[in-house]
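Each remark here refers to the structure printed beneath this line.
Numbering (the UniProt record's numbering), first residue to last: 1 to 58.
Written out as structure tokens, the structure reads:
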């Protein structure tokens with residue numbers, strides 16, 4: 001895990017909703033960057049967290 005992600009998670013590690021929101025934000029930004037570089041499709045593994053995956057796609 002990159003240090004900047006560890007640093008962002010440290011102050012919110014005990015707040016499940018904040019961690020989820022950060023994960024959705026991070027996933028959304030990653031997907032935007034991937035698509036901006038010409039990749040046409042994405043595949044998200046939900047790992048039983050389909051609500052977070054759907055939030056990323058919205």
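In this text, a Cβ means the ideal position worked out from N, Cα and C, and glycines have one as well. Predicted model, so just to flag it, every value in this text is computed and none were measured.
query, result
"Who are the Cβ neighbours of residue 19 in its own chain at under 8 Å, not counting the five residues just before and after it?", "9, 12 and 13"
"Roughly how many whole angstroms lie between the Cα atoms of residue 33 and residue 26?", "11 Å"
"Which two residues bound the contiguous alpha helix (DSSP H) that contains residue 34?", "16-36"
"With the cut-off set at 9 Å, would you say residue 35 and residue 44 are in Cβ contact?", "no"
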